[in-house]
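K.L.:
Start counting the sequence shown at 1; every next residue gets the next number (full-length UniProt numbering). Ideal Cβ positions, reconstructed from N, Cα and C, are used throughout, including at glycine. Below you'll find the structure I mean.
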Amino acid sequence: MSTTHQTVILSHKGEPLTITTRPTPKPGPNELLIEVHTLAINPVDHFQRDYGVFIKDYPAILGSDVAGIIIETGSSTRSTLKIGTRVTALASTFFTPGNDYGAFQKRVLVKEDFVSVLPNSFSFVEGACFPLAVMTSWNGWIWAGLEPMSTIGSGTSTTTTTSTNEGVFVWGASSSVGTLAVQAAKLMGFKVYATASQQHHEYILGLGATRVFDYQNANVLDQIVSTARSDGVSIRIGYLATGDQQLAVNTLDALRGTDNAKLAIAPIVDSELKVPDGVESAFVSPPQDPDELRERSRSIFVNWLENKLAAKELVSSPHAKVIQDGLESVNGALDELKAGVSCLKIVVEL
Ligand SMILES: NC(=O)c1ccc[n+]([C@@H]2O[C@H](COP(=O)([O-])OP(=O)(O)OC[C@H]3O[C@@H](n4cnc5c(N)ncnc54)[C@H](OP(=O)(O)O)[C@@H]3O)[C@@H](O)[C@H]2O)c1
């Protein structure tokens with residue numbers, strides 16, 4: 001194995017990423033070296049390139065989502081993680097600082113707690129669509145109290161609600177985060193009321209939503225509330241993956257009756273957002289404490305995602321657009337996502 005590999009680096013805020021070669025690191029305890037076959041693009045990547053958000057030191061290696069093959073293991077890694085194992089992983093310097101850990105390179109180090117075995121039934125393109133969206137959807141659902149950590153992954157269907165009339169809503173369900181929030185809530189046994197553009201309604205129903213509404217309809221709030229009432233479904237929890245935050249808050253307020261309600265918000269929360277008494281909202285974020293983060297990532301990637309992939313209870317979502325020109329195409333992929341996508345994950349094959 002060569003001792004160097006290719007990467008794309010951000011030298012200065014606002015500049016395009018440039019291709020370079022860097023030394024290939026050795027995995028430490030509980031770490032894996034992954035040969036990256038595919039990487040997926042997320043909105044935070046172009047915010048980092050263009051505005052330098054969350055970047056402390058330059059040059060920086062960006063990116064979060066990879067799928068590939070383990071080519072070296074550190075000491076004491078999980079017995080299922082061997083050289084040659086296909087995996088999907090959250091490879092992000094947000095969680096482990098240092099350029100050895102950012103996704104946009106041909107070989108990347110990851111902590112084993114952020115890794116799930118990828119069964120042969122999923123392609124590397126499909127595998128790269130999961131990590132950040134899965135972590136983000138769970139961080140929101142857990143904050144909202146949907147799933148106690150101890151029961152996230154049992155290997156079989158995970159159900160927290162036995163009631164057939166308990167629902168949640170997912171706003172912006174055709175986004176990357178939204179599709180995973182729908183799938184996770186459905187697997188927990190909730191009725192999922194979702195919003196998306198009309199052309200994606202069949203797709204979102206196929207992911208497990210019970211009802212889908214067009215967020216562009218002027219009466220969407222009334223439609224959701226009256227449909228939930230006539231269905232006999234009670235909704236006290238919402239997840240805003242993307243879209244109009246005030247409309248989502250108002251919808252939850254109208255749905256909750258006299259009960260308290262919680263709305264998890266994945267994007268930066270609007271400073272103008274008005275949240276009425278009885279509704280609690282919060283920006284979705286991972287635990288800050290390192291031990292809690294380790295416990296959270298193990299629950300999500302080792303217990304839940306790995307089991308759900310093996311059981312074929314999840315599908316890769318949303319639709320993938322594959323770009324086959326390797327690292328050279330990453331800037332273009334970031335520009336394409338920045339221009340706006342509709343029910344699409346952009347995946348670069350290396
Ligand atoms: N807090 C965190 O830790 C965290 C982590 C990851 C991402 N995020 C944030 O979460 C958000 C979603 O990320 P993503 O990667 O899932 O986004 P994405 O896939 O790029 O979102 C694209 C989708 O947005 C939908 N959309 C656009 N305008 C909408 C509106 N007004 N109402 C409802 N849906 C609308 C479109 O739906 P249609 O095509 O149906 O119109 C499209 O499918 C971003 O703001 C991202 O920065 C936060």
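(1) Using a Cβ-Cβ cutoff of less than 8 Å, which residues in the same chain neighbour SER249 once the five nearest sequence positions on both sides are dropped?
(2) When you compare only the Cα positions, how much space is there between GLU15 and PHE47?
(3) If contacts are defined as beta-carbon pairs under 8 Å, then ALA241 and SER175 qualify, I think. What distance do you get, rounded to the angstrom?
(4) Using DSSP with H/G/I as helix, E/B as strand and the rest coil, what is SER11?
(5) Should ILE19 go down as buried or exposed, given a rule of 16 or more other Cβ atoms within 10 Å for buried?
(6) On a Cα-Cα basis, can you pick out the residue from SER2, ARG298, ASN99 and ASN217 that is closest to SER64?
(7) Go through its chain and collect everything with a Cβ distance to SER121's Cβ below 7 Å, but skip five positions before and after it.
(8) Determine contact between the region 324-332 and the region 123-141, defined as no fewer than three beta-carbon pairs at a distance below 8 Å.
(9) Is the beta carbon of PHE104 sitting closer than 8 Å to the one on LEU39?
(10) Does the region 83-96 touch the region 125-137, meaning 3 or more C-beta pairs lie closer than 8 Å?
(11) Locate the beta strand (DSSP E) running through GLU72, then write down its first and last residues.
(12) Let me check you understand the geometry: is the CB of LEU305 closer than 7 Å to at least one non-hydrogen atom of ligand 1?
(13) Kindly list the residues whose CB is nearer than 6 Å to the CB of GLY172, restricted to its own chain and excluding five residues on each side of it in sequence; keep chain order.
(14) Hey, would you say the C-beta of PRO267 is under 7 Å away from at least one heavy atom of ligand 1?
(15) Inspect the beta-carbon positions of LEU207 and SER317 and report whether they are closer than 8 Å.
(16) Using only alpha-carbon positions, find the residue among LYS308, GLU349 and LYS338 that is nearest to ASP325.
(17) Look up TYR193 in the DSSP assignment and say whether it is helix, strand or coil.
(18) DSSP state of PRO318, grouped into three classes?
(19) Using only the alpha-carbon positions, how far apart do TYR193 and GLU336 sit?
(20) Tell me the DSSP secondary structure of ALA261 in three-state form.
(21) Going by beta-carbon coordinates alone, are VAL341 and ALA320 separated by less than 8 Å?
(22) What I want to know is whether the C-beta of ASP50 ends up closer than 7 Å to one or more non-hydrogen atoms of ligand 1.
(23) If we require 4 or more residues per run, which alpha helix (DSSP H) segments fall completely within the region 75-105?
(24) Between GLY257 and ALA133, what straight-line distance do the alpha-carbon atoms span, to the nearest angstrom?
(25) In the DSSP assignment, find the alpha helix (DSSP H) that holds GLY178 and state where it starts and stops.
(26) Judging by CA-CA distance, which residue of HIS37, LEU17 and VAL36 is the nearest neighbour of PRO59?
(27) Is there at least one non-hydrogen atom of ligand 1 closer than 7 Å to the beta-carbon of ASN42?
(28) Leaving out five residues before and five after ASP270 in sequence, what residues of the same chain have Cβ atoms less than 6 Å from its Cβ?
(29) So, helix, strand or coil for LEU350, using DSSP?
(30) Restricting to Cα atoms, I'd like to know which of LEU252, LEU247, LEU205 and GLN216 is closest to ALA228.
(31) May I have the straight-line CA-CA distance separating THR21 from PRO97, to the nearest angstrom?
(32) Taking 7 Å as the line, does the beta carbon of GLY243 fall inside it for any heavy atom of ligand 1?
P.N.:
Judging by the given coordinates:
(1) For the purposes of this step, residue 249 is identified with residue 249 of the sequence shown, where counting begins at 1. Reading off the sequence, residue 249 comes out as Val, not Ser. LEU263, LEU273, LYS274, VAL275, PRO276, VAL279 and SER281, listed in sequence order.
(2) Residue numbering aside, residue 15 sits at position 15 when the sequence shown is read from its first letter. Residue numbering aside, residue 47 sits at position 47 when the sequence shown is read from its first letter. When rounded, the distance between both Cα atoms is 12 Å.
(3) Locating residue 241 in the sequence shown gives position 241, where the first residue counts as 1. Locating residue 175 in the sequence shown gives position 175, where the first residue counts as 1. At roughly 5 Å, the Cβ-Cβ gap stays under 8 Å, so ALA241 and SER175 are in contact.
(4) Counting from one through the sequence shown, the residue named residue 11 turns up at place 11. SER11 falls in the coil class under three-state DSSP.
(5) Position 19 of the sequence shown, counting from 1, holds the residue named residue 19. Exposed, by the Cβ-count rule.
(6) The residue given as residue 64 occupies position 64 in the sequence shown. With distances taken between Cα atoms, SER64 lies closest to ASN99.
(7) As a first step, residue 121 must be located in the sequence shown, where it is residue number 121. Correct list, in chain order: LYS312.
(8) no
(9) Within the sequence shown, the letter at position 104 stands for residue 104. Within the sequence shown, the letter at position 39 stands for residue 39. Taking 8 Å as the Cβ cut-off, PHE104 and LEU39 qualify as a contacting pair.
(10) Touching, yes, given that three or more Cβ pairs across the two stretches are closer than 8 Å.
(11) As a working note, residue 72 is residue 72 in the sequence shown. Per DSSP, GLU72 belongs to the beta strand (DSSP E) from 65-73.
(12) The residue you call residue 305 lines up with position 305 of the sequence shown. Not under cutoff, so the answer is no.
(13) Reading the sequence shown from its first residue, position 172 is the one you call residue 172. Answer for GLY172: GLY178, ALA241, THR242 and GLY243, listed in chain order.
(14) Mapped onto the sequence shown, residue 267 falls at position 267. PRO267: yes, Cβ under 7 Å from ligand 1.
(15) One-based indexing of the sequence shown puts residue 207 at position 207. One-based indexing of the sequence shown puts residue 317 at position 317. Yes, they are a contact pair.
(16) On the sequence shown, residue 325 is found 325 positions in, with the first residue counted as 1. If we check each option's Cα against that of ASP325, GLU349 comes out closest.
(17) Working through the sequence shown from its first residue, we reach residue 193 at position 193. DSSP places TYR193 in strand when its eight states are reduced to three.
(18) As a working mapping, residue 318 is identified with position 318 in the sequence shown. PRO318 falls in the coil class under three-state DSSP.
(19) Counting from 1 along the sequence shown, the entry for residue 193 is found at position 193. Counting from 1 along the sequence shown, the entry for residue 336 is found at position 336. Between TYR193 and GLU336, the alpha-carbon positions lie close to 29 Å from each other.
(20) Reading the sequence shown from its first residue, position 261 is the one you call residue 261. Note: ALA261 maps to strand in three-state DSSP.
(21) Numbered from its first residue, the sequence shown carries residue 341 at position 341. Numbered from its first residue, the sequence shown carries residue 320 at position 320. For VAL341 and ALA320, no; Cβs fall outside 8 Å.
(22) Position 50 of the sequence shown, counted from the start, is the residue given in the question as residue 50. No, since every heavy atom of ligand 1 falls outside the 7 Å radius drawn around the Cβ of ASP50.
(23) none
(24) Sequence index remark: in the sequence shown, residue 257 carries index 257 (1-based). Sequence index remark: in the sequence shown, residue 133 carries index 133 (1-based). Each residue's alpha carbon lies about 31 Å from the other.
(25) Against the sequence shown, residue 178 aligns to sequence position 178. Where GLY178 is concerned, the enclosing alpha helix (DSSP H) stretches over 176-187.
(26) Taking the sequence shown and counting its residues from 1, one reaches residue 59 at position 59. Of HIS37, LEU17 and VAL36, the residue nearest in Cα terms is LEU17.
(27) Numbered from 1 along the sequence shown, position 42 holds the residue referred to as residue 42. Checking the Cβ of ASN42 against ligand 1 gives yes.
(28) Start at 1 with the first residue of the sequence shown, and residue 270 comes out as number 270. GLN245.
(29) By one-based count along the sequence shown, residue 350 stands at place 350. In the structure shown, LEU350 adopts coil according to DSSP, grouped into three states.
(30) Counting from one through the sequence shown, the residue named residue 228 turns up at place 228. The candidate whose alpha carbon is nearest that of ALA228 is LEU252.
(31) Residue mapping note: residue 21 aligns to position 21 of the sequence shown, counting from 1. Residue mapping note: residue 97 aligns to position 97 of the sequence shown, counting from 1. Distance between the alpha carbons of THR21 and PRO97: 19 Å.
(32) As a first step, residue 243 is located in the sequence shown; it is residue number 243 there, counting from the start. Correct: GLY243 has its Cβ closer than 7 Å to ligand 1.
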